[in-house]
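*Asks:* Here you go, one structure.
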Amino acid sequence: MIKRIAAVLAALALTAAGAEAQEVKVGVNLPYTGIGAEFAQLVDRGMELYLKLNPDKVRPYKITLIKRDVKDPGGANAKIVVQELLTQDNVDVLAGWIYSPNAIASAPIVTAGKKLAVIMNAGTAHITTLSPYYVRTSFSMWHAGYALGEAAAKLMHAKTAVVGYTDFPPGKDSLAAFKRAFESHGGKVVDEIPMGSAGAVPDFTPFFQRAKDKKPDVFFVFVPAGDHAAAVVKTYAALGMREAGIRLIGPGDITQDTKLQAMGAAAVGLVTMHHYHADLENAENKRFVEAWKKEYGAATTPDFMAVGGYDGMAAIVYVVQTLKGKVDADKALEALKGWKFNSPRGPIMIDPVTRDIVMNEYLSEAVMKDGRVFQKVIGRIDAVKDACKEQKIGPCAPK
Amino acid sequence: MRDEHPAARALAGRHRLRPWEPIPWVLALAWYVVFPKHLGFGTEVLVTILFAVSLDLALGYAGVVTLGHAAFFGAGAYTVGMLAKHGVWNEPITSLLLAGLVAAAVGLGSGLVLLRTRGLTLLMLTLCTMALLEETANLGHAYTGGFDGLDSLPIAPLLGVFEFNPLYPRTQYLYVLTVLFLCFVFVRTLVHSPFGQSLTGIRENTLRMHAVGAPVRARLVVCYTLSAAVAGIAGGIWAQANAYVNLGTLGLDRAATVLIILALGGHGRLYGAFIGAAAYMMLSHFLSKIYPTAWQLGLGLLLVVIALFARNGILGIGAALWRRARLPRATS
Amino acid sequence: MIVGADVASVLLGGVAAGMVLFIVSVGLSITMGLMGFVNLAHGGFAMLGGYAIVYAMKVWGLGFVPALVFGFVVTAAGSAVLERLLYARLYKAAELDQVLFTIGLVFIMIAAVTLWFGPENQPVALPAMLQGQIDLGITRYRTYSVVLIAIGIVIVAGLWLGFERTRMGAQIRAAVDNRRMAESLGINIDRLFTATFAFGSGMAALGGGLGAEFLGLDPQYALKYLVYFLIVVAVGGLGRVTGVFYAALLIGVLDFVLKKYLPQGGALFIYALTILVLLWRPQGLFGARA
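Structure (structure tokens):
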């Protein structure tokens, strides 16, 4: 009798322990409704696709995604969502964050919660310094901005530039990054034009008119990905700036894959610097894009936000495997320091010091190929770090 | 003799405590005990109630239809935020009083100038004033943090002892509840005082009040200023509870939401703010987990129905039902 | 000459933007002046019209102009139905109820559009003839902007003639100035309201479709630009076509100039200016004194 009870108890204990080691809860916060809905969908799909394509890497553990809607970039909702994920849902890992203000607002709660937090999009440079548990698999505005400033001066031989940017922190980050790199390589930024707020797409005509009047070699534009970018390309064409000899350059946000085809011929000639676009020709990306189209529809395409989700999930799964399902935050951070992965964007690594991503940056030009707009890679810089934290500029300096 | 007429008795007893009045407070305390993991959400609801009460003062009692009330909320929030973030002052209670004062100043200034107008003009002016403040806050991003806002505000522990824990907001909840209670007592007393009665008169029949010789404009401005002060306190505790301020505190979204909440609950009845805020935020929080886009559709339908059929929100429906229930007894 | 080209481009850009504002807002001004009704859903009608136009072009392959006509008709008809069924009940209601009703209506519109079309921006494909640049002697400018200015002038002229020379126009003017008097003269106010409302919403739809090139078209359109439309109406004065026209031009040009020369200011100046104008003349620049 006692033996039987003991056996049953032992079996229960084993299954309980096994069950705990089996399931890992990941709390995902994304703006599923509101203006960020389409971005949330891209990151969400990226995460799910990684899990779908790599079941062998996840086994024998089970990753449960608990998804919560943050609704807006206002910060307050994000705080409540993160707090509830930690205290009510008792998640093991946090993930998500499209908007920088939400990531900034969540930082104290993340620190208090002592769980690994993977940022899958928010790009303001100093975010990773706000909490020791933040690891970023997306990008920093300085990755593309700084690299482009260098490329504009060295590869495109531009001497003068006008910078137009949406007047919010990622825009200011982009401006600072580009200007620093461009001017340290012999160029001169002759005008800086704040172009309205991120909330609504303004009519860009007056800003572009001002840029055109200054007659620079290049016009560096940063606007948030999405509808702003389409308006930018349209206004550039409508004002005849290309004919006036002004090249439009910017980070890949302005040629976001999901909007690129709708821009059509107007986008041809745009030069962008980014860590990812769907036309990258490496084996991993070909597999990724094919799987994406099969899963979500031939007319859809992944973009840099999707890859942020994909790689973020890869990092989480790596941590789960390495720590055998018991995701302790400090051990997880140790495991991710220097973690390397073959992403669809090329080889990536998590910087051991800054916990930010190190990756390639590709200089691409938009051309027409086979009746669609194609981004041709015309240059590449390997293993780019976030220059803001590297050079300890402003808020990126260690506190 | 004079106390025997039921109408006179009703009028004289308006300020007396009704038996059901302690209920919201009991419920709020019960929430603390029963749902210790939902205190973050609970705190947000309490702050919204206070904000809605302040709007009720302006809208329900003074009759000022404004889409710009978040201007005062934001003024209070940023006062607390900037003082704390820039290391000037972070004691919570005094910061809160300062927040109320600053917001009152903004209310007084704008009230004196704007309350000469009415209708669409007043609506637009309140809206533009708030938008102006928002743009100014964005421009002054060196002080206000701009779009990203001011994060991780170092608020000193309450009374030197009770810390504000970001993960387990127990202190925040009780602190906000206390502030709400005190402010509510103040507003309730004000509303039932002769001053409050004159406001009702202004709202119902301005012409007659002028004829009676009541200082209409002065009363309106005072009421508006007090409403702004309470809104500023609401903004201040929001900043303290969240340790965070950003432009959303000054946005049209917040101003429109509080208007909707008051309409839902019923304006001019003080407790409408409680019901409206609780109902709206519960629905928003739990429905949007299940049906995100349908939430907006449902809210829109609800508003249309209320505007068409239930002229004063949930409390209005409740009052109408109550009256109808009592009527047969009176005539029989 | 350089200065001339500069001024010309600023004027052209500003006036074109102003024309879009005018076309969308004129309906709002007339209905608010006529019915005294705060219609915050007006931006929603502009949005619905824009989506109807995009739908007609993308799914049925209609050309730009036929699609615009379609958008006008569909939105006018739909709004007439809404007016008879719902708006009419609230004409005597308190301002708050009107505000709430129209906010609720806008939410329904936004949700409906999101559910049907999705949250992304819908591009409007302009016919090739309207794209590119046009040579105007002093300067080369965006063809579409010039075309918009021409359309705006035609519309304002047409509306002015309509109000001044036709019977219905006279009836509307009479009802705006003094409704009771107009009623006692035998004018059928109900029919007038419905017709005016339908026309105003149709115009909004037209503006939504024409302006999509500048302002974009997505579910948030209804609320994003509402403040601008309201500013134009408040500054111009309720119920006056010419008032709205001048106010729209003023705001369009001012906004353009400020954005070009003082982009750091953001929308600050527009708000400050609106406040100053409304404090100086609460009835708007051209409105009748209440």
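Chains as they are written, first to last, in my numbering: chain F, 9 to 407; chain S, 247 to 578; chain U, -16 to 273.
Built from N, CA and C at the ideal position, the CB exists for glycine as well.
The model shown is predicted, which means the values in this text are computed figures rather than measured ones.
(1) Please classify S/Gly197 as buried or exposed, where buried requires at least 16 neighbouring CB atoms within 10 angstroms.
(2) Taking 7 angstroms as the limit between beta carbons, can you name the residues of its chain near F/Glu191, skipping five residues before and five after?
(3) Quick one: residues in its chain with C-beta nearer than 7 angstroms to the C-beta of S/Val422, no 5 flanking neighbours on either side, listed in chain order?
(4) Enumerate in chain order the residues of its own chain whose CB-to-CB distance from S/Gln418 is below 6 angstroms, with the five nearest sequence positions on each side excluded.
(5) Using a threshold of 8 angstroms, state whether the C-beta atoms of S/Leu366 and U/Leu69 are closer than that.
(6) So, with DSSP's three-state summary, where would you put F/Gly26?
(7) Under 7 angstroms Cβ to Cβ from U/Tyr208, same chain only, skipping five residues before and after it: list those, please.
(8) Relative to the C-alpha of F/Lys79, which residue among F/Tyr107, F/Val279, F/Lys60 is closest?
(9) In whole angstroms, what separates the C-alpha of F/Leu268 from that of F/Val385?
(10) Which residue's Cα is closest to the Cα of F/Met271: U/Trp43, U/Ala108, U/Leu23?
(11) CB-CB under 8 angstroms to F/Met376, same chain, minus the five flanking residues each way: which ones, in chain order?
(12) By alpha-carbon positions, which one of U/Ile117, U/Phe90, U/Leu261 ends up nearest to U/Leu206?
(13) Looking at the unbroken beta strand (DSSP E) that takes in S/Ser341, where does it start and where does it end?
(14) To the nearest angstrom, report how far apart S/Ala317 and U/Ala50 are at their CA atoms.
(15) Do F/Thr95 and S/Tyr414 have their CB atoms nearer than 8 angstroms?
(16) Let me check understanding here. Comparing Cα to Cα, which of S/Ala566, S/Tyr526, S/Gly546 lies closest to S/Ala298?
(17) Return no unless some Cβ of chain S is closer than 8 angstroms to the Cβ of U/Arg67.
(18) Give me, in chain order, the residues of the same chain whose beta-carbon lies closer than 8 angstroms to that of S/Ala402; leave out the 5 immediate sequence neighbours on both sides.
(19) Strictly by DSSP, which residues pair up with S/Leu404?
(20) Any beta carbon from chain S within less than 8 angstroms of F/Lys187's own beta carbon?
(21) Suppose you measure from the CA of S/Ala349 to the CA of S/Ala501; what does that come to, to the nearest Å?
(22) Run through the DSSP bridge pairs and tell me what F/Phe230 is partnered with.
(23) Is it a yes or a no for the region 390 to 404 of chain F touching the region 362 to 370 of chain F, going by three-plus beta-carbon pairs under 8 angstroms?
(24) Hey, would you say F/Asp77 sits closer than 8 angstroms to F/Val32, going by beta carbons?
(25) Evaluate F/Ile117 with the Cβ neighbour count: other Cβ atoms within 10 Å of its Cβ, from every protein chain shown; 16 or more gives buried, anything less gives exposed.
(26) Between the C-alpha atoms of F/Ala115 and F/Ala337, what's the straight-line distance to the nearest angstrom?
(27) Under 6 angstroms Cβ to Cβ from F/Ala27, same chain only, skipping five residues before and after it: list those, please.
(28) So, is the C-beta of F/Ala27 closer than 8 angstroms to a C-beta in chain S?
(29) Across the region 213 to 224 of chain U and the region 232 to 241 of chain U, are there enough close Cβ pairs to call them in contact, namely three or more that are closer than 8 angstroms?
(30) Closest to S/Lys331 by C-alpha separation, out of S/Val425, S/Val491, S/Trp271, S/Ile269, would be which residue?
(31) Count the other CB atoms, across all protein chains shown, that sit within 10 Å of the CB of U/Ile13; report buried if there are 16 or more and exposed otherwise.
(32) For the alpha helix (DSSP H) containing F/Val375, list its first residue and its last residue.
(33) Note the first and the last residue of the continuous alpha helix (DSSP H) segment covering F/Asn293.
(34) In this structure, does DSSP put F/Val440 in helix, strand or coil?
(35) Which word fits U/Ile(-15), buried or exposed, when buried means at least 16 other C-beta atoms lie within 10 angstroms of its C-beta?
(36) Counting Cβ pairs closer than 8 angstroms, one from the region -6 to 2 of chain U and one from the region 206 to 216 of chain F, do we hit at least three?
*Replies:* So, to answer that:
(1) Outside the displayed span of chain S (247 to 578) sits residue 197 of chain S, for which this structure offers no information.
(2) Excluding residues within five positions, the ones whose Cβ falls inside 7 angstroms are Val197.
(3) Cβ within range, chain order: Thr289, Leu292, Val293, Ile483, Ala487.
(4) Cβ within range, chain order: Thr289, Phe410, Ala487.
(5) Taking 8 angstroms as the Cβ cut-off, S/Leu366 and U/Leu69 do not qualify as a contacting pair.
(6) Low confidence applies to F/Gly26: its pLDDT is 46, below 50, so where it sits in the model is not reliable, and the reading given next is rough at best. In this structure, F/Gly26 counts as helix in the three-state DSSP scheme.
(7) Only residues of its own chain outside the window of five on either side were considered, and among them Gly26, Leu198 have a CB closer than 7 angstroms to the CB of U/Tyr208, listed in chain order.
(8) F/Lys79 has its Cα closest to that of F/Tyr107, out of F/Tyr107, F/Val279, F/Lys60.
(9) Going by C-alpha positions, F/Leu268 is about 16 angstroms away from F/Val385.
(10) The shortest C-alpha separation from F/Met271 is found at U/Ala108.
(11) Around F/Met376, the same chain offers Ala273, Val276, Phe382 as residues with beta carbons nearer than 8 angstroms, after the five sequence neighbours per side are excluded.
(12) Among U/Ile117, U/Phe90, U/Leu261, the Cα nearest to that of U/Leu206 belongs to U/Phe90.
(13) No beta strand (DSSP E) contains S/Ser341, which is instead part of the alpha helix (DSSP H) from 338 to 360.
(14) Between the C-alpha atoms of S/Ala317 and U/Ala50 there is a straight-line separation of about 42 angstroms.
(15) With contacts defined as CB atoms closer than 8 angstroms, F/Thr95 and S/Tyr414 qualify as a contacting pair.
(16) Check the Cα spacing between S/Ala298 and each of S/Ala566, S/Tyr526, S/Gly546: the tightest is with S/Tyr526.
(17) It does not; no Cβ of chain S falls within 8 angstroms.
(18) So the list reads Asn336, Glu337, Pro338, once near-sequence residues are dropped.
(19) Paired residue(s): S/Phe408.
(20) Taking Cβ atoms only, chain S never reaches closer than 8 angstroms to F/Lys187, which makes this a no.
(21) Distance between the alpha carbons of S/Ala349 and S/Ala501 is about 15 angstroms.
(22) DSSP lists F/Tyr173 as the bridge partner or partners of F/Phe230.
(23) With the cut-off at 8 angstroms, the region 390 to 404 of chain F and the region 362 to 370 of chain F touch.
(24) The answer is no: Cβ separation not under 8 angstroms.
(25) Buried.
(26) Spanning the two alpha carbons is a distance of roughly 15 angstroms.
(27) Here the model assigns F/Ala27 a pLDDT of 48, short of 50, so the residue's position is not dependable, and the following value carries that caveat. So no residue of the chain qualifies.
(28) Confidence in F/Ala27 is poor, its pLDDT being 48 and thus under 50, which makes the residue's placement unreliable; the coordinate value appears in the next sentence. Answer no: the Cβ-Cβ gap between F/Ala27 and chain S never drops below 8 angstroms.
(29) Output reads yes: the region 232 to 241 of chain U touches the region 213 to 224 of chain U.
(30) Here the closest residue by C-alpha is S/Val491.
(31) By the neighbour-count definition (other C-beta atoms within 10 Å, threshold 16), U/Ile13 is a buried residue.
(32) Membership of F/Val375 in any alpha helix (DSSP H) is not indicated; the residue belongs instead to the beta strand (DSSP E) covering 365 to 377.
(33) Residues 291 to 304.
(34) Summary: the structure shown does not reach residue 440 of chain F, with chain F confined to residues 9 through 407, and so no result is reported for it.
(35) The pLDDT assigned to U/Ile(-15) is 49, lower than 50, so where the model puts this residue is not dependable; a value taken from the coordinates is nonetheless given after this. Exposed, by the Cβ-count rule.
(36) Contact between the region -6 to 2 of chain U and the region 206 to 216 of chain F is present, because at least three Cβ pairs lie under 8 angstroms.
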